[in-house]
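Sequential numbering from 120 applies to the sequence shown in our numbering.
Virtual Cβ for every residue (Gly too), placed ideally from N, Cα, C.
What you are looking at is a predicted structure, and each value in this text was computed from that prediction instead of being measured.
Heads up: the structure comes next, in structure tokens.
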Amino acid sequence: MTVETTTVTAGGAAAGRAPGRPARPPLADLITSVLFVDFGEGRENRDTGHITYTRPPRARYECLLCLTAEGPVYGAAAVIAFTASIKTDHTSRCAGEHR
Ligand SMILES: [Zn+2]
Numbered sequence: 120m121t122v123e124t125t126t127v128t129a130g131g132a133a134a135g136r137a138p139g140r141p142a143r144p145p146l147a148d149l150i151t152s153v154l155f156v157d158f159g160e161g162r163e164n165r166d167t168g169h170i171t172y173t174r175p176p177r178a179r180y181e182c183l184l185c186l187t188a189e190g191p192v193y194g195a196a197a198v199i200a201f202t203a204s205i206k207t208d209h210t211s212r213c214a215g216e217h218r
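This is the structure in structure tokens:
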């Protein structure tokens, strides 16, 4: 199974305006980074729970403020660790302007 997930790290709602509500900034002004996660392709051994991957999971992070990318990282454990901390880790060293 391949699933590419896009995480909107700020805002995320459609830029449309509901009646009676104030206008929001354009969505492009709210998105500051994107986290891509590919869960890979593999088969699980039902007896052991072990997954043999034909394409390992991978993840990549792109910052739209400083225009850099981190990763990709490969493998289930690396993807779990990367996705858990990349936003915080990158923000601490980002040269872009965070709001
Ligand atoms: Zn950055």
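Using the C-alpha atoms, what's the distance from residue j back to residue i?
{"i": "A133", "j": "G161", "result": "With a pLDDT of 46 at A133, under the threshold of 50, the modelled position of this residue cannot be trusted; read the value that follows with caution. If I take the Cα positions, the gap works out to 35 Å."}
{"i": "A179", "j": "D148", "result": "A quick correction: the sequence has Arg, not Ala, at residue 179. Approximately 21 Å, taken between the alpha carbons."}
{"i": "A195", "j": "P141", "result": "43 Å"}
{"i": "T173", "j": "N164", "result": "14 Å"}
{"i": "E181", "j": "I170", "result": "28 Å"}
{"i": "P138", "j": "G168", "result": "51 Å"}
{"i": "D166", "j": "L146", "result": "46 Å"}
{"i": "A200", "j": "K206", "result": "11 Å"}
{"i": "S211", "j": "S204", "result": "11 Å"}
For residue i, does the count of other Cβ atoms within 10 angstroms reach 16, so buried, or fall short, so exposed?
{"i": "P176", "result": "buried"}
{"i": "A188", "result": "exposed"}
{"i": "T151", "result": "buried"}
{"i": "G231", "result": "Only positions 120 to 218 of the chain appear in the structure, and residue 231 is not among them; the question remains open."}
{"i": "T202", "result": "buried"}
Contact defined as beta carbons within less than 8 Å: I believe residue i pairs with residue j. What is the distance between those atoms, to the nearest angstrom?
{"i": "V156", "j": "V198", "result": "7 Å"}
Excluding the five sequence neighbours on either side, which residues of its own chain have a C-beta within less than 7 Å of the C-beta of residue i, listed in chain order?
{"i": "A214", "result": "C185"}
{"i": "L216", "result": "The sequence as given places Glu at residue 216; Leu does not occur at that position. These residues qualify, in order along the chain: L184."}
{"i": "H209", "result": "Y180, C182 and E189"}
(request) Any chance you could list the beta strand (DSSP E) runs of at least 3 consecutive residues sitting entirely within the segment 148–197, in chain order? (result) 152–157, 160–163, 170–174, 177–182 and 187–193
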